[in-house]
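The block underneath contains the structure these notes are about, expressed in structure tokens.
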Amino acid sequence: MVLSHKLDSWYTDFGRTLPWRGIDDPYRIWLSEIILQQTRIEQGRDYYARFVESFPTVSDLASATEEQVLRLWQGLGYYSRARNLHAAARYIVEHHQGVFPSVYEDILKLKGVGRYTAAAIASFAFRLPYPVIDGNVYRFISRLYGITTPIATDAAYKEFESLLLKQIDRKRPDRFNAALMDFGSLQCKPQPDCGVCPFADECVALKSGRVDLLPVKAPKAKPKDRWFYYFDLRWQENGTFYTLMEQRDGKDIWRGLYQFPLLETAEELNGKQLQAEAENFVQNNFQFSISNFQLSPPFLHQLTHRTIHALFLRAELPSRPTSMPENFTVIPVSGIKNIPVSRLIDRYLHSL
107 MVLSHKLDSW YTDFGRTLPW RGIDDPYRIW LSEIILQQTR IEQGRDYYAR
157 FVESFPTVSD LASATEEQVL RLWQGLGYYS RARNLHAAAR YIVEHHQGVF
207 PSVYEDILKL KGVGRYTAAA IASFAFRLPY PVIDGNVYRF ISRLYGITTP
257 IATDAAYKEF ESLLLKQIDR KRPDRFNAAL MDFGSLQCKP QPDCGVCPFA
307 DECVALKSGR VDLLPVKAPK AKPKDRWFYY FDLRWQENGT FYTLMEQRDG
357 KDIWRGLYQF PLLETAEELN GKQLQAEAEN FVQNNFQFSI SNFQLSPPFL
407 HQLTHRTIHA LFLRAELPSR PTSMPENFTV IPVSGIKNIP VSRLIDRYLH
457 SL
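My numbering runs 106 ahead of the 1-based position in the sequence shown.
See below:
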């Protein structure tokens, strides 16, 4: 079965026009691929435009602070992508004199770049014959050939890569890959219209009635529940409201982003427990006695491996705290928009 001819014909009629398509700038292609990991194209377009405007070259990105990069990334989630993007830009400047590497193995060494992203950059920017394999490609190819190997495994990647290496158009690997990705995304969708598929006569899954069963996915682990209680403590000085925030560190979620003082518990607190814990938290950290908190509605924030149950406790202090842990920072409330915060914090602020 030869994929390239039918794919190319389909792509001519239905392929997407995207701002990072039809260019050979590896920096912008890389930028688009990192942004589009775990992100819909519709949402990614705006972020891509903002990054290109703010950081036109890899050297510009490398010169930025991590906080500037995280602020521009805010709302996209999976913030390790932004940190890796920044680290890789600095690596390119330090080790490649600011010139994006053009060898697949060197591209693969960049932080945050896996086999899919390296193949995309290599094929789109440098016309190297490396097939792209993402979720959409897995779905299309597994159905077309009736492959039952569970995807998202190393064994599956090698199997699919071996097959596609025999099919890829070595003269135009960029066009082949673009067509492959678009076909999986637009035509061979989770619920496809097989009646208009150009591969209907050859599709093993369609012939055997297994379209809904492929690709085979390994069972996902159940997300871990976590309970976050944030303290939005405010006071006024000369007509300006201030609040306290801290920057997350360590290896946990949202590293480098700012948040309100946080009390995390192993399980949900009932009303009485929350009142006692909240009073103790404020007293121990800020030497203030507060018993009346305004509670926000509960916020549910779903991450890949965690379910965050959040509640915000808001209170107005009589004055600036004279005692606080050194990791807390005093910030004007109006200035929160200028620092990177999680989507959860942003949702809360927009709800006020």
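Built from N, CA and C at the ideal position, the CB exists for glycine as well.
May I ask you to list the residues that DSSP assigns as paired with D119?
By one-based count along the sequence shown, residue 119 stands at place 13. Paired residues: none, contrary to the question.
Answer yes or no: do I135 and F230 have a C-beta to C-beta separation smaller than 9 Å?
Taking the first residue of the sequence shown as position 1, residue 135 is located at position 29. Taking the first residue of the sequence shown as position 1, residue 230 is located at position 124. A contact, by the Cβ cut-off of 9 Å.
Which residues in the same chain have their Cβ closer than 6 Å to the Cβ of A262, if we skip the five residues on either side of it in sequence?
As a working mapping, residue 262 is identified with position 156 in the sequence shown. These residues qualify, in order along the chain: T255.
Name the residue from V388, I414, A225 and R196 whose alpha carbon lies nearest to the alpha carbon of S448.
Start at 1 with the first residue of the sequence shown, and residue 448 comes out as number 342. Among V388, I414, A225 and R196, the Cα nearest to that of S448 belongs to I414.
Which two residues bound the contiguous alpha helix (DSSP H) that contains L450?
On the sequence shown, residue 450 is found 344 positions in, with the first residue counted as 1. L450 -> alpha helix (DSSP H) spans R449 to S457.
Helix, strand or coil for L409, going by three-state DSSP, please let me know.
Position 303 of the sequence shown, counted from the first residue, corresponds to residue 409. Of the three classes helix, strand and coil, the one that applies to L409 here is coil, per DSSP.
Can the beta-carbon of N190 be found closer than 9 Å to that of A226?
On the sequence shown, position 84 is the one that residue 190 refers to. On the sequence shown, position 120 is the one that residue 226 refers to. No, these two residues do not count as a Cβ contact at 9 Å.
T346 lies in the alpha helix (DSSP H); which residues open and close that run?
Start at 1 with the first residue of the sequence shown, and residue 346 comes out as number 240. Looking at the DSSP string, T346 is not in any alpha helix (DSSP H); the run it does join, the beta strand (DSSP E), is T346 to Q353.
Using the beta-carbon count (16 or more within 10 Å), is R340 buried or exposed?
Taking the sequence shown and counting its residues from 1, one reaches residue 340 at position 234. That one is exposed.
Name the residue from Y197, Y244 and G204 whose alpha carbon lies nearest to the alpha carbon of G218.
Along the sequence shown, one-based indexing puts residue 218 at 112. Answer by Cα proximity: Y197.
Do F392 and M430 count as a contact pair if the criterion is CB distance below 9 Å?
Taking the sequence shown and counting its residues from 1, one reaches residue 430 at position 324. Taking the sequence shown and counting its residues from 1, one reaches residue 392 at position 286. Contact flag set, yes.
Can you tell me where the alpha helix (DSSP H) with Q68 in it begins and where it stops?
With the chain covering 107 to 458 only, the question about residue 68 has no answer from this structure.
For L339, which beta-bridge partners are listed by DSSP?
Translated into the one-based positions of the sequence shown, residue 339 becomes position 233. L339 is bridged to A421.
Please tell me whether A155 and P132 are closer than 9 Å, where the distance is taken between their beta carbons.
Position 49 of the sequence shown, counting from 1, holds the residue named residue 155. Position 26 of the sequence shown, counting from 1, holds the residue named residue 132. Their beta carbons are not under 9 Å apart, which means A155 does not touch P132 by this criterion.
Going by CA-CA distance only, name the one from D240, R316, V310 and G362 that's closest to L176.
Numbered from its first residue, the sequence shown carries residue 176 at position 70. When each option's Cα is compared against that of L176, the closest is G362.
What residue range does the beta strand (DSSP E) around E370 cover?
Against the sequence shown, residue 370 aligns to sequence position 264. Counting along the chain, the beta strand (DSSP E) containing E370 begins and ends at L368 to T371.
Output the distance between the C-alpha atoms of D355 and Y454, rounded to the nearest integer angstrom.
As a working note, residue 355 is residue 249 in the sequence shown. As a working note, residue 454 is residue 348 in the sequence shown. Each residue's Cα considered, the two are about 21 Å apart.
Considering only C-alpha positions, which residue in the set F366, L312, F289 and E173 is nearest to A421?
In the sequence shown, residue 421 corresponds to position 315, counting from 1. Out of F366, L312, F289 and E173, F366 has the C-alpha closest to the C-alpha of A421.
From which residue to which residue does the beta strand (DSSP E) around P438 run?
As a working note, residue 438 is residue 332 in the sequence shown. Taken as a continuous stretch (DSSP letters only), the beta strand (DSSP E) holding P438 covers F434 to P438.
Which word fits E139, buried or exposed, when buried means at least 16 other C-beta atoms lie within 10 angstroms of its C-beta?
For the purposes of this step, residue 139 is identified with residue 33 of the sequence shown, where counting begins at 1. By the 10 Å Cβ count, E139 comes out buried.
Could you pull out every residue in the same chain whose Cβ sits closer than 8 Å to the Cβ of D166, ignoring the five residues on either side in sequence?
What you label residue 166 is simply residue 60 of the sequence shown in a count that begins at 1. Cβ within range, chain order: S160.
On a CA-only basis, which of D130, G290 and L319 is nearest F305? Give me that one, please.
Along the sequence shown, one-based indexing puts residue 305 at 199. Checking every option, the nearest Cα to that of F305 belongs to G290.
What residue from N390, T349 and K357 has the CA that sits closest to L369's CA?
As a working note, residue 369 is residue 263 in the sequence shown. Per the Cα distances, N390.
Report the partner residues of N360 according to the DSSP bridge assignment.
For the purposes of this step, residue 360 is taken as the residue at position 254 of the sequence shown. According to the sequence as given, residue 360 is Trp; it is not Asn. DSSP lists no partner for W360.
If you reduce the DSSP assignment to three classes, tell me which class L216 lands in.
As a first step, residue 216 is located in the sequence shown; it is residue number 110 there, counting from the start. The answer is coil: DSSP assigns L216 none of H, G, I, E or B.
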